[in-house]
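Here my numbering runs 85 ahead of the position in the sequence shown, where the first position is 1. Worksheet: one structure, shown below.
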Amino acid sequence: MAKLPERKFMVENLRIPGDELTGRATEQRVAVAIRDFFKEIGFDLHGLEITIKRYGYMPDESSVHDNRYWATFHVDQPSALEIWEQQRGISRRIKKWNQETLGEDEEESKFVVLKRYQGTRFEAVLTTLQKVLNILRKDTYKTVDGFRMEIVKNEILLYFDKILQETFTIETIYKKYKEAFNEAVLNLRNEDLRESMFEMVEQLDRQIDKLNNNNRKREFFEEADDTLSGACSPPSPKIAHFNTPINQKPKNFNDF
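As structure tokens, this is what we get:
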């Protein structure tokens with residue numbers, strides 16, 4: 086029996102206007118925007134049903150009103166089959182849509198991206214990044230001290246007086262704060278996520294051992310989803326001990 090077409094998808098950088106109350110997009114608005122996007126890039130889908138799984142705001146350091154969102158979602162099986170049958174030239178169609186809709190001068194990093202959802206790996210990275218961010222935000226550098234923190238793609242950016250001071254990836258966080266990182270992973274509620282994360286940690290350990298005598302740079306995740314999210318559970322107080330001060334003089338950091 087032939088394998089059924091993939092029903093799980095992910096979209097990034099989708100512009101969605103927020104509602105009047107919160108200024109942020111609702112789940113319904115996200116679903117409508119995805120449906121419109123499929124239509125605009127040339128898909129003819131009859132009775133498309135979209136189930137939003139997760140979605141999040143993608144803040145932009147140059148504009149808090151950028152209204153870019155990512156979302157993971159499922160489509161109904163008949164629509165999945167139609168997408169599979171109509172996917173020829175999809176990359177070219179999306180690129181053309183981005184250029185015509187957003188303009189030739191827009192950064193490619195802000196182009197709308199549609200891809201198959203990777204699942205557990207993305208969830209593990211996303212959840213752990215959020216825990217580390219909350220630890221830093223809550224227990225290390227208070228906002229009243231002039232520090233500000235953002236997640237952009239798979240990085241944590243630390244600012245002081247609007248000047249970027251340091252960039253952390255999950256690899257640099259793990260190497261610098263291994264004990265706290267491991268405890269954050271243990272606090273993940275989903276058993277599959279914990280196992281997946283520990284597998285990646287073991288892989289990272291092997292990479293660090295192998296590259297310890299040189300400065301070659303390597304990506305930690307071969308297919309990591311560059312996404313971000315909003316809320317997650319507060320971290321355990323036990324893992325909130327970081328004592329590395331940040332020099333207030335601006336620097337260019339390339340730790341990874």
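The beta carbon of each residue, even a glycine, is placed where N, CA and C say it ideally should be.
Per DSSP, the bridge partner or partners of residue i
i	result
residue 234	243
residue 143	153
residue 100	153
residue 95	157, 200
residue 137	158
Inter-residue spacing [alpha-carbon to alpha-carbon] between residue i and residue j
i	j	result
residue 132	residue 164	7 angstroms
residue 304	residue 254	A caution first: residue 304 carries a pLDDT of 36, below 50, which makes its placement in the model unreliable, though a value can still be read off. One C-alpha to the other measures close to 10 angstroms.
residue 97	residue 283	27 angstroms
residue 185	residue 143	22 angstroms
residue 169	residue 181	20 angstroms
residue 240	residue 141	15 angstroms
residue 120	residue 199	12 angstroms
residue 315	residue 126	In this predicted model, residue 315 has a pLDDT of only 35, less than 50, meaning its place in the structure is not dependable enough to derive any value.
residue 250	residue 235	12 angstroms
residue 177	residue 287	38 angstroms
residue 333	residue 118	Reliability fails at residue 333, whose pLDDT of 36 lies under 50, so the model's placement of it is uncertain and the value that follows must be treated cautiously. Their backbone Cα atoms lie some 41 angstroms apart in a straight line.
Cutoff 6 angstroms; reference residue i; Cβ partners in own chain excluding five residues on either side
i	result
residue 167	130
Where the beta strand (DSSP E) through residue i begins and ends
i	result
residue 250	248-254
Neighbourhood of residue i by C-beta, 7 angstroms cutoff - its chain only, sequence neighbours within 5 removed
i	result
residue 136	158, 159
residue 232	226, 243, 244, 245
residue 154	99, 101, 110, 115, 140, 141, 142, 143
residue 183	196, 197
Proximal residues to residue i (C-beta, below 8 angstroms), its chain only, five neighbours per side dropped
i	result
residue 102	110, 114, 152
residue 124	130
Boundaries of the alpha helix (DSSP H) in which residue i is found, first to last residue
i	result
residue 180	175-187
residue 113	112-125
Residue i beta carbon near the ligand NAD (any heavy atom closer than 7 angstroms)
i	result
residue 234	As for the ligand NAD, it is missing from this structure, which has no ligand bound.
Integer Cβ distance of residue i from residue j, believed to fall under 8 angstroms
i	j	result
residue 89	residue 162	7 angstroms
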